[in-house]
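Residue numbers (UniProt numbering): 1 to 295.
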Amino acid sequence: MRIALAGLATSHPYTDARTLARHAELVVWEQDPERLRRFTDEHPQAKVAGSLEEMLAGRLDGVVLTVPNPQVPQALAKVLETGVACFVNKPAAAARAQLEQLDRLPIHDRVLSSSVLRFAPAFAGARVERGEVLAVRATVRHDVGIWATGYNAWQDTPGQGGGTMVTMGIHGVELLVALLGPDVRLVGAAGARRHYTTLRSEDTGVMALRWDDGITGTVEILGVSASESYSVTVHTRDATETIVIEGGDDPMAGLGYEGTIEAFLAMVGGAPSPVPWEETRAVLDVLVSAREKSA
Numbered sequence: 001m002r003i004a005l006a007g008l009a010t011s012h013p014y015t016d017a018r019t020l021a022r023h024a025e026l027v028v029w030e031q032d033p034e035r036l037r038r039f040t041d042e043h044p045q046a047k048v049a050g051s052l053e054e055m056l057a058g059r060l061d062g063v064v065l066t067v068p069n070p071q072v073p074q075a076l077a078k079v080l081e082t083g084v085a086c087f088v089n090k091p092a093a094a095a096r097a098q099l100e101q102l103d104r105l106p107i108h109d110r111v112l113s114s115s116v117l118r119f120a121p122a123f124a125g126a127r128v129e130r131g132e133v134l135a136v137r138a139t140v141r142h143d144v145g146i147w148a149t150g151y152n153a154w155q156d157t158p159g160q161g162g163g164t165m166v167t168m169g170i171h172g173v174e175l176l177v178a179l180l181g182p183d184v185r186l187v188g189a190a191g192a193r194r195h196y197t198t199l200r201s202e203d204t205g206v207m208a209l210r211w212d213d214g215i216t217g218t219v220e221i222l223g224v225s226a227s228e229s230y231s232v233t234v235h236t237r238d239a240t241e242t243i244v245i246e247g248g249d250d251p252m253a254g255l256g257y258e259g260t261i262e263a264f265l266a267m268v269g270g271a272p273s274p275v276p277w278e279e280t281r282a283v284l285d286v287l288v289s290a291r292e293k294s295a
């Protein structure tokens, strides 16, 4: 099996590669020499391609795509031409123009883009009795202080990578859409810089959501945090239940990285994406709308 890592723009493909290397021969392409060197130091057997086009011209069984958000539509269009399974590391779009470009692509049923948390053991398989649900809340605790140093400035720039509202907010929105489905819209959003004053975006944020059947939802984003954790709370008339997702002793398993790659490898084997693009599109629309409201 031969899997391509098309771009190393965030930390995720490095994590993905550690799992993929147990199953496949790796091919890598990256525009930044330092990021590429870091990858090849860890995976010296990986074949290095000189361009995305060169990579896609070879024999491949699947592609993990991780380029800066403004480049995703054009790069994904080229991957789609190959017909192979593709995992687009989150978020697939961070601005309205990017989302509109994705809407024009012929996205097939072996394209997956998702927060890894959907595949975390603590959450995977979670179900609710919809008629009993009054409201839901997702809380995201993930520190963004590294951006305050200028690292990966494009991620922290609202019109490019979406900033904290999008890049961290996707974790909360993804979990709620996984529970309640894609018939959801944003009704409000706000963000602030409470601690990391040099950020281009925000370090805290909140979104208000509403599903078509009247269920309301809240996503809290705490980008100033000593530890990483995520939770989903479901309120019913008689009870409140909370699912907590943490890395534990094995973050790759506990946070869903390994589960995500397992789902991708099943797609390589011919299975459709376990996350319908309709759900991914709904998640992205909420995030882009939140970015617009909190700009």
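Every residue gets a Cβ at the ideal spot worked out from N, C-alpha and C, and that includes glycine. Remember, it's a predicted structure, so these values are computed and weren't measured experimentally.
{"Item": "Whether Tyr230 touches Leu117 by CB criterion (7 Å)", "Value": "yes"}
{"Item": "Coarse secondary structure for Ile261, derived from DSSP in three states", "Value": "helix"}
{"Item": "Host beta strand (DSSP E) of His235 (start-end)", "Value": "229-236"}
{"Item": "Ile245 beta carbon less than 7 Å from that of Gly169", "Value": "no"}
{"Item": "Touching by the beta-carbon criterion (3+ pairs, under 8 Å), the segment 204-224 and the segment 131-142", "Value": "yes"}
{"Item": "Three-state class that DSSP yields for Phe39 in the structure shown", "Value": "helix"}
{"Item": "Reduced DSSP category for Ser207 - H, G, I as helix; E, B as strand; rest coil", "Value": "In the sequence on display, residue 207 carries Met and not Ser. Three-state DSSP puts Met207 in a strand."}
{"Item": "Sequence ranges, alpha helix (DSSP H) only - wholly within the segment 71-108, length at least 4", "Value": "72-82, 96-103"}
{"Item": "The beta strand (DSSP E) enclosing Glu246, as first and last residue numbers", "Value": "240-246"}
{"Item": "Run of the beta strand (DSSP E) containing Glu132, from where it starts to where it stops", "Value": "Taken as a continuous stretch (DSSP letters only), Glu132 belongs to no beta strand (DSSP E), as it is neither H nor E."}
{"Item": "Cβ separation of Val173 and Arg210, assumed to be a contact under 8 Å, to the nearest whole Å", "Value": "Contact flag wrong, Cβ pair sits at about 13 Å."}
{"Item": "Beta carbon of Met207 nearer than 7 Å to that of Arg291", "Value": "no"}
{"Item": "Expected contact under 8 Å - CB spacing of Pro70 and Gln98 to nearest Å", "Value": "7 Å"}
{"Item": "Expected contact under 8 Å - CB spacing of residue 317 and Ser115 to nearest Å", "Value": "No information on residue 317 is available, as it lies outside the stretch 1 to 295 that the chain covers here."}
{"Item": "Run of the alpha helix (DSSP H) containing Glu202, from where it starts to where it stops", "Value": "That residue, Glu202, is in no alpha helix (DSSP H); it is neither H nor E in DSSP."}
{"Item": "Residue of His195, Ala92, Val128 minimising C-alpha distance to Arg143", "Value": "This sequence places Asp at residue 143; Arg is not what is there. Measuring from the Cα of Asp143, the nearest candidate turns out to be His195."}
{"Item": "Spatial neighbours of Leu180 in its chain, beta-carbon cut-off 8 Å, leaving aside the 5 residues before and after", "Value": "Val128, Arg130, Val133, Val136, Trp211, Ile215, Gly217"}
{"Item": "Buried or exposed by the 16-neighbour rule on C-beta atoms within 10 Å, applied to Ile107", "Value": "buried"}
{"Item": "DSSP bridge partner residues for Trp29 (one or two, in chain order)", "Value": "Ala6"}
{"Item": "Identified DSSP bridge partners for Gly188", "Value": "Ala208"}
{"Item": "DSSP three-state assignment for Gly169, whether helix, strand or coil", "Value": "helix"}
{"Item": "Residue from Thr242, Leu56, Asp156 whose Cα sits closest to the Cα of Arg193", "Value": "Asp156"}
{"Item": "6 Å Cβ shell around Val67 - same chain, five flanking residues per side excluded", "Value": "Gly7, Ala9, Ala75"}
{"Item": "Span separating the alpha-carbon of Val72 from that of Thr240", "Value": "39 Å"}
{"Item": "Burial state of Pro91 (16 or more Cβ within 10 Å)", "Value": "buried"}
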